[in-house]
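Student: To start, I am sharing the structure in question, which I have written as structure tokens.
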Amino acid sequence: MKSKSKIVILISTFLFVLQVISSTIVHWKKYDFIRQSLPLFCKSSEILFSGTVHDPLECSKICSMKHSCLVSSFKPDSHECIGCQEFRIWYVETAPTIKHAIEPQKHLVSLVSDCKEILDEFPEAESGFYEIKLWSSNKTLIVNCDMETDGGGWTIFHRRLDGSIEFYRNFTEYENGFGNAGGELWLGLKYIQELADQSHSELRIDMTNYNNATGYEIFQEFKLTNGIKYTLNIGLRDASVNVAAGLAYSNSVPFTTFDRDLDTVGSRNCAVDRHAGWWHRSCTIVNLNGLYVPPGSICKVAGAEPGQCDHQHGGFDGGGEVKLRRSSMMLRRT
Ligand SMILES: [Ca+2]
């Protein structure tokens, strides 16, 4: 009897472990995700099933059993569960550092082309990190979407926060991008150009100085033209701006880096003078890619004259002499 009990216990244990393992496999197989407050993310035409279930695992299991179900979603407060036939949007994470958060989902393919499309389809979408697929190249990118400022739908392509990323880079780096969506970022000229080429877009730049005063400029048309010259084309400055940062001075100007001089100054390279790849004319008023200089630090790069600070991360009402703590640039289809 004893040995029979042992066998029963062993079999029961084995079955239990097997169930746990298979549950775990099922749980991850369909890349299910849990939403705390937002509506479940799949378009109504793509909903395969919906209903109330006990927990996310049950939701995932139902999806796993249906061949055409690509992703399931569970809402903890109402216990709603849906399965989608087509994966549309992957909401990544709102954490400031996203590297680990996005790793498990990297293989997922989403079909939204920018933050504006996300907001159009899901008006309650929150600011955060989303995977998008660019409309022409089909390149997938993780982008940071601002869904709050002035109605939201902004795709952020430039951001300075803390000086953690070096912005004195060559043309190839400016073309392909550097930094990351969760921190300091330059998305890349070729991607910015493609995003802006999708339709009419507006451009917004935001700045915060070291007194924590904020300012912004908006331009009604934004394009990067002339192929790999990435010439800045911005339309009229929106009347709602609250600072005159001076980006309009760079209008119709190609992008210059220290290894690719397209500015209008024959005797020198503005990217070297201003320590930044930028749309330098001769040279610039606002310098959002310049040297990050916290308060108390000396604004000094090799070759600069003593007291010369126009190579710093600067630009506010009145121009680049004002040090900036933060800045961002973003675009939105109109
Ligand atoms: Ca030059």
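Sequential numbering of the sequence shown, starting at 1, is according to the numbering used here. Ideal Cβ positions, reconstructed from N, Cα and C, are used throughout, including at glycine.
#1: Does any heavy atom of ligand 1 sit closer than 7 Å to the C-beta of G266?
#2: Check for me: the alpha helix (DSSP H) holding E58 runs from which residue to which?
#3: If you drop the 5 nearest sequence neighbours on each side, which residues of the same chain put their C-beta closer than 8 Å to that of A213?
#4: Could you compute how far the alpha carbon of Y249 sits from the alpha carbon of W279?
#5: Does D150 come out as helix, strand or coil in the three-state DSSP assignment?
#6: Using beta-carbon positions only, say whether F258 and N170 come within less than 8 Å of one another.
#7: Starting from the C-beta of L134, find all residues in its chain whose C-beta is less than 6 Å away, skip the five residues before and the five after it, and write them out in chain order.
#8: If you measure between the beta carbons of P295 and G163, is that distance less than 8 Å?
#9: Our contact map puts Y216 next to N242 with C-beta atoms below 8 Å; I'd like the distance itself, whole angstroms only.
#10: According to DSSP, simplified to helix, strand and coil, what is F74?
#11: A125 to D114, Cα distance in whole Å?
#12: Check the C-beta distance from D146 over to M330 and give it rounded, since I have them as a contact under 8 Å.
#13: Measure how close the beta-carbons of L262 and P254 come, nearest whole angstrom, since I'm counting them as under 8 Å.
#14: Look at the Cβ atom of F122, then the Cβ atom of I82, and state whether they are nearer than 8 Å.
#15: Identify every residue that forms a DSSP beta bridge with K133.
#16: Would you give the residue range spanned by the alpha helix (DSSP H) that C270 belongs to?
#17: With a threshold of 7 Å, establish whether the CB of N287 neighbours any heavy atom of ligand 1.
#18: Can the beta-carbon of S327 be found less than 8 Å from the beta-carbon of D206?
#19: Starting from Y216, follow the beta strand (DSSP E) in both directions and report where the run begins and ends.
#20: Leaving out five residues before and five after I47 in sequence, what residues of the same chain have Cβ atoms less than 8 Å from its Cβ?
#21: Need the endpoints of the beta strand (DSSP E) that D206 sits in, please.
#22: Using a 10 Å radius around the Cβ and a threshold of 16 neighbouring Cβ atoms, would you call G266 buried or exposed?
#23: I'd like the span of the alpha helix (DSSP H) that includes E121, first residue to last.
#24: What is the DSSP secondary structure of L195, reduced to helix, strand or coil?
#25: Give every residue of the same chain whose Cβ lies closer than 6 Å to the Cβ of I21, excluding the five residues on either side of it in the sequence, and list them in chain order.
#26: Do I165 and G183 come within 8 Å of each other at the CB atom, strictly closer than that value?
#27: Taking only three categories from DSSP, how would you classify T172?
#28: When the Cα atoms are used, what is the spatial distance from E321 to S60?
#29: Is the shortest distance between the beta-carbon of S64 and the beta-carbons of chain B less than 8 Å?
Tutor: Looking at the coordinates:
#1: Locating residue 266 in the sequence shown gives position 266, where the first residue counts as 1. Yes - ligand 1 has a heavy atom lying nearer than 7 Å to the Cβ of G266.
#2: For the purposes of this step, residue 58 is identified with residue 58 of the sequence shown, where counting begins at 1. Residue range P56 to M65 is occupied by the alpha helix (DSSP H) that includes E58.
#3: Against the sequence shown, residue 213 aligns to sequence position 213. Result list for A213: F316, in chain order.
#4: Sequence index remark: in the sequence shown, residue 249 carries index 249 (1-based). Sequence index remark: in the sequence shown, residue 279 carries index 279 (1-based). Their backbone Cα atoms lie some 9 Å apart in a straight line.
#5: Translated into the one-based positions of the sequence shown, residue 150 becomes position 150. Reduced to three states, the DSSP call for D150 is helix.
#6: Along the sequence shown, read from residue 1 onward, the residue named residue 258 stands at position 258. Along the sequence shown, read from residue 1 onward, the residue named residue 170 stands at position 170. Judged by their CB atoms, F258 and N170 are nearer to each other than the 8 Å cut-off.
#7: Stepping through the sequence shown from its first residue, residue 134 is reached at position 134. Result list for L134: E194, in chain order.
#8: Looking up residue 295 in the sequence shown gives position 295. Looking up residue 163 in the sequence shown gives position 163. The answer is no: Cβ separation not under 8 Å.
#9: Within the sequence shown, the letter at position 216 stands for residue 216. Within the sequence shown, the letter at position 242 stands for residue 242. Going by Cβ atoms, the distance from Y216 to N242 rounds to 6 Å, so yes, they are a contact pair.
#10: Along the sequence shown, one-based indexing puts residue 74 at 74. Strand at F74.
#11: Translated into positions along the sequence shown, residue 125 becomes position 125. Translated into positions along the sequence shown, residue 114 becomes position 114. Cα to Cα, A125 sits roughly 13 Å from D114.
#12: Residue numbering aside, residue 146 sits at position 146 when the sequence shown is read from its first letter. Residue numbering aside, residue 330 sits at position 330 when the sequence shown is read from its first letter. Confirmed, Cβ separation roughly 6 Å.
#13: The residue given as residue 262 occupies position 262 in the sequence shown. The residue given as residue 254 occupies position 254 in the sequence shown. 4 Å between Cβ atoms; contact.
#14: Sequence index remark: in the sequence shown, residue 122 carries index 122 (1-based). Sequence index remark: in the sequence shown, residue 82 carries index 82 (1-based). Against a cut-off of 8 Å, the Cβ pair of I82 and F122 comes out as no contact.
#15: Along the sequence shown, one-based indexing puts residue 133 at 133. Under DSSP, K133 forms a beta bridge with T140.
#16: Position 270 of the sequence shown holds residue 270. For C270, the enclosing alpha helix (DSSP H) stretches over residues C270 to D273.
#17: To locate residue 287, count along the sequence shown from 1; it is residue 287. Not so, every heavy atom of ligand 1 lies at least 7 Å from the Cβ.
#18: Working through the sequence shown from its first residue, we reach residue 327 at position 327. Working through the sequence shown from its first residue, we reach residue 206 at position 206. Contact check for S327 against D206 passes: the beta carbons are separated by less than 8 Å.
#19: Numbered from its first residue, the sequence shown carries residue 216 at position 216. Start and end: T214 to F219.
#20: Looking up residue 47 in the sequence shown gives position 47. Non-local C-beta neighbours of I47 in its own chain, meaning closer than 8 Å and more than five positions away in sequence, comprise I82, G83, C84 and Q85, ordered along the chain.
#21: As a first step, residue 206 is located in the sequence shown; it is residue number 206 there, counting from the start. S201 to N209 is the span of the beta strand (DSSP E), which, as asked, contains D206.
#22: Taking the sequence shown and counting its residues from 1, one reaches residue 266 at position 266. Label assigned to G266: exposed.
#23: Sequence index remark: in the sequence shown, residue 121 carries index 121 (1-based). First-last of the alpha helix (DSSP H) with E121: C115 to E121.
#24: Your numbering for residue 195 matches position 195 in the sequence shown. In the three-state scheme derived from DSSP, where H, G and I count as helix and E and B as strand, L195 is classed as helix.
#25: Taking the sequence shown and counting its residues from 1, the one referred to as residue 21 is at position 21. Below a pLDDT of 50, predicted positions are generally treated as unreliable, and I21, at 42, falls in that range; the measurement from the model is reported next regardless. So no residue of the chain qualifies.
#26: The residue labelled residue 183 in the question sits at position 183 within the sequence shown. The residue labelled residue 165 in the question sits at position 165 within the sequence shown. Yes; because the gap between Cβ atoms is below 8 Å, this pair is in contact.
#27: The residue you call residue 172 lines up with position 172 of the sequence shown. T172 falls in the helix class under three-state DSSP.
#28: As a position in the sequence shown, residue 321 is number 321, starting the count at 1. As a position in the sequence shown, residue 60 is number 60, starting the count at 1. Taking the CA atoms as reference points, E321 sits about 56 Å from S60.
#29: Protein chain content of the structure displayed is limited to a single chain, and chain B is not contained in it.
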